[in-house]
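See below for the structure under consideration.
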Amino acid sequence: MAIKVTVWNEYVNEREYPHIGEIYPQGIHTAIAEGIVKHEPFEARTALLDDPEQGLSQKILQDTDVLIWWSHMKNDQVQDEAVNRVIQRIREGMGFIALHSGSGSKIFKQLMGTTCRHTWREADDAQRLWVVDPSHPIVEGIGSCIELEREEMYGEYFDIPAPDELVFISWYTGGEVLRSGCTYRRGRGKIFYFSPGHEEHPTYYNNDILKVIANGVKWAYSPRNS
Amino acid sequence: MAIYVTVWNEYVNEREYVHIGKIYPKGIHMAIAEGILQHEPFAVRTALIDEPEHGLTNEILDRTDVLIWWSHMVNDKVQDEIVERVYERVMNGMGLIVLHSGAYSKIFRKLMGTSCSAKGREADDEERLWVVDPSHPIAEGIGPYIHLKEEEMYGEYFDIPTPDELIFVSWYTGGEVMRSGCTFRRGLGKIFYFAPGHEEHPTYHHPDILKVIANAVKWAATPHGNKPVYGNVESREKSGKGA
Numbered sequence: 126m127a128i129k130v131t132v133w134n135e136y137v138n139e140r141e142y143p144h145i146g147e148i149y150p151q152g153i154h155t156a157i158a159e160g161i162v163k164h165e166p167f168e169a170r171t172a173l174l175d176d177p178e179q180g181l182s183q184k185i186l187q188d189t190d191v192l193i194w195w196s197h198m199k200n201d202q203v204q205d206e207a208v209n210r211v212i213q214r215i216r217e218g219m220g221f222i223a224l225h226s227g228s229g230s231k232i233f234k235q236l237m238g239t240t241c242r243h244t245w246r247e248a249d250d251a252q253r254l255w256v257v258d259p260s261h262p263i264v265e266g267i268g269s270c271i272e273l274e275r276e277e278m279y280g281e282y283f284d285i286p287a288p289d290e291l292v293f294i295s296w297y298t299g300g301e302v303l304r305s306g307c308t309y310r311r312g313r314g315k316i317f318y319f320s321p322g323h324e325e326h327p328t329y330y331n332n333d334i335l336k337v338i339a340n341g342v343k344w345a346y347s348p349r350n351s
Numbered sequence: 238m239a240i241y242v243t244v245w246n247e248y249v250n251e252r253e254y255v256h257i258g259k260i261y262p263k264g265i266h267m268a269i270a271e272g273i274l275q276h277e278p279f280a281v282r283t284a285l286i287d288e289p290e291h292g293l294t295n296e297i298l299d300r301t302d303v304l305i306w307w308s309h310m311v312n313d314k315v316q317d318e319i320v321e322r323v324y325e326r327v328m329n330g331m332g333l334i335v336l337h338s339g340a341y342s343k344i345f346r347k348l349m350g351t352s353c354s355a356k357g358r359e360a361d362d363e364e365r366l367w368v369v370d371p372s373h374p375i376a377e378g379i380g381p382y383i384h385l386k387e388e389e390m391y392g393e394y395f396d397i398p399t400p401d402e403l404i405f406v407s408w409y410t411g412g413e414v415m416r417s418g419c420t421f422r423r424g425l426g427k428i429f430y431f432a433p434g435h436e437e438h439p440t441y442h443h444p445d446i447l448k449v450i451a452n453a454v455k456w457a458a459t460p461h462g463n464k465p466v467y468g469n470v471e472s473r474e475k476s477g478k479g480a
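Protein chains in written order, with the numbering used here: chain V, 126 to 351; chain H, 238 to 480.
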């Protein structure tokens, strides 16, 4: 049976800024949803902040095996009830993949128990994501590193708990590093944080990035009756 | 009471190459021994591969709380008997700090259970060692990162077990990264691996590097529990099965 994936996005910048809309004409969520099904036969749907119940109704969450999360500008506008519903589902075993600025979401911060702050710079740094755990299923099909010509810099110190597993470490032109691919377990749920994906760069069309997210979904999936 | 530290070095390159001897006229071991003393009042001695039993006799190990290890060219010439002796000491609680190419030593590979191979390049890369665990005592007194103007690149993939704690992640000019400050526990012993320290650079004269090594000695010398019991045992409760 296909894994049911919901790709959640605030979908703000893509509609407000023409140069971002040009990169993601149907939004980051659609780019990710279409991109990962090229790698795996997931049953992928999307959900948006503007949807009823912010796209995070009990019905949708019950029908979701793995939730992929992209948020930034509206991190604080996600309602606490929705946050609690998502966290409850994660504790029950729903997988959760937090992307890029989703590190600042209420959900991720609450799951981590830390501020999840870090340094950043929007200056077209090149980014190299080095695989530091080649035994991990999340890096299946990935070489020794993933190269992104331009990406926003997210750098250490990144205020997260020591990851259960560290899968990627990033290098940036400007001299910083980041623990950029991290796994955690909370309750019965598996969580993967993956840092690349600034909205002004075509990161979510990069084949390796999509492959890692697809791998992340497979890893984070838990069978229902377990 | 002072912590007893033994700084072990193969002491080959410093004697063979003039340009290396200029950087470390008394050897890397003396630079480290004198350098960490500026930070903490340890009881420090040095030991060399040329000495009887590689300078690691039982008498010396009896007086060693933490062993600091630098080796490279003669990694394979360290006798198995001495490796076994150091291994037993670590298992029984001696701290061990492995520096740079000591990653390839028999003792480190035996403790890790992996090849400990990494990528390398001697090309005067700059290195920035970012602190990724500011709560750790090994990072005491260190800013957000340590900057080395020139260092050999040691890069991922570094074939080690997942560290118990990751304290430093290094950035190099050439595009690589490295888990460059890692802790491990084996038996009752605490182990710290610290990547910088190529012999052609004055890394062990850098105050932050020496501070980290001194901090690591203090951390590796912290107390440990009792020796574990293994094997077949009697029931603890008289009513229990097998009583």
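Glycine is no exception: its CB is placed at the ideal position from the N, C-alpha and C atoms.
Which same chain residues, not among the five before or five after residue i, have their C-beta less than 8 Å away from its C-beta?
i, result
"L236(V)", "I212, I215, F221, Y309, R311, I316"
"G238(V)", "P286"
"L385(H)", "E363, E364, R365, L366, P433, H438, T440, H443, I446"
"L348(H)", "Y324, V327, L333, F421, R423, I428"
Which residue or residues does DSSP assign as beta-bridge partners of residue i?
i, result
"Q252(V)", "L273(V), Y297(V)"
"M278(V)", "R246(V)"
"Y318(V)", "A223(V), C307(V)"
"R170(V)", "T131(V)"
"I334(H)", "I305(H), F429(H)"
"M415(H)", "S407(H)"
"G268(V)", "In DSSP, G268(V) forms no bridge with anything."
"R210(V)", "Answer is none; R210(V) lacks a bridge partner."
"T351(H)", "Looking at the DSSP assignment, T351(H) forms no beta bridge with any residue, so it has no partner."
How would you list, in chain order, the residues of chain H whose beta-carbon sits under 8 Å from the beta-carbon of residue i?
i, result
"H282(V)", "Correcting the residue identity first, residue 282(V) is Tyr in this sequence and not His. Under the 8 Å cutoff, chain H gives W367, V368, V369, P371, P381."
"R311(V)", "Result: empty, since nearest Cβ-Cβ is about 19 Å, beyond 8 Å."
"V256(V)", "E393, Y394"
"P177(V)", "Per Cβ cutoff of 8 Å: no residues; P177(V) is ~41 Å from chain H at best."
"G180(V)", "Residues of chain H passing the Cβ test: none, with the nearest at roughly 34 Å."
Run through chain V and tell me which residues come within less than 7 Å of residue i, C-beta to C-beta.
i, result
"G412(H)", "R253, W296"
Throw me the rounded Cβ distance for the residue i and residue j pair, which I believe falls under 8 Å.
i, j, result
"E168(V)", "V130(V)", "7 Å"
"R504(H)", "F395(H)", "The first residue shown for chain H is 238 and the last is 480, placing residue 504(H) beyond what the model contains."
"I379(H)", "D317(H)", "At roughly 37 Å, the Cβ-Cβ gap does not stay under 8 Å, so I379(H) and D317(H) are not in contact."
"V368(H)", "I404(H)", "7 Å"
"G392(H)", "E413(H)", "3 Å"
"I128(V)", "K343(V)", "7 Å"
Quick one: what's got a C-beta closer than 6 Å to residue i's C-beta in the same chain, skipping five residues either side?
i, result
"F293(V)", "L254, S305, G306"
"E265(V)", "N340"
"I338(V)", "I161"
"E247(H)", "I286, S308, V311"
"S338(H)", "H309"
If I measure Cβ to Cβ from residue i and keep anything under 7 Å in the same chain, skipping five residues before and after, which residues do I get?
i, result
"C241(V)", "S228, G229, F233, K234, D284, I285"
"E290(H)", "I319"
"I145(V)", "N138, E139, E324, E325"
"V208(V)", "K231, I232, Q235"
"D370(H)", "A376, E402, L403, I404"
"T298(V)", "D250, A251"
Who are the neighbours of residue i on chain H, taking C-beta pairs under 9 Å?
i, result
"R242(V)", "Those do not exist, as R242(V) stays about 12 Å from chain H at its closest Cβ, beyond 9 Å."
"R304(V)", "V369, L403, V406"
"E139(V)", "The premise fails here: E139(V) is roughly 31 Å from chain H at the closest Cβ pair, so nothing lies under 9 Å."
At a CB-CB cut-off below 7 Å, which residues of chain H make contact with residue i?
i, result
"P259(V)", "Y394"
"E247(V)", "Going along chain H, no residue has its Cβ under 7 Å from E247(V), so there is no contact; the nearest lies around 19 Å."
Tell me whether residue i counts as near the ligand NAP, meaning its Cβ is closer than 7 Å to at least one heavy atom of that ligand.
i, result
"I240(H)", "Absence of the ligand NAP is noted for the structure shown, with no ligands found whatsoever."
Task: Against chain V: residues of the region 282-311 of chain H by CB proximity under 9 Å - done: Per Cβ criterion, the list is empty.
- [ ] Residues of the region 381-395 of chain H with a CB closer than 7 Å to any CB of chain V: list them in chain order, please.
- [x] Of all residues in the region 381-395 of chain H, only P381, E393, Y394 come within less than 7 Å of chain V when Cβ atoms are compared, listed by chain position.
Task: Against chain H: residues of the region 145-174 of chain V by CB proximity under 7 Å - done: Here the close residues number zero.
Open item on the list: Against chain V, which members of the region 402-427 of chain H pass a CB distance test of less than 9 Å?
Closed with: Closer than 9 Å at the C-beta level to chain V, one finds these residues of the region 402-427 of chain H: E402, L403, V406, S407, W408, Y409, T410, G412, E413, V414, M415, R416.
Task: chain H contacts made by the region 262-286 of chain V, where a contact means CB separation under 7 Å - done: Listed by position along the chain: S269, E281, Y282.
Open item on the list: To be precise: take each residue of the region 228-242 of chain V, compare its Cβ to all Cβ atoms of chain H, and keep it if any distance is under 8 Å. Which residues remain?
Closed with: Going along the region 228-242 of chain V in chain order, one finds no residue with a Cβ nearer than 8 Å to chain H.
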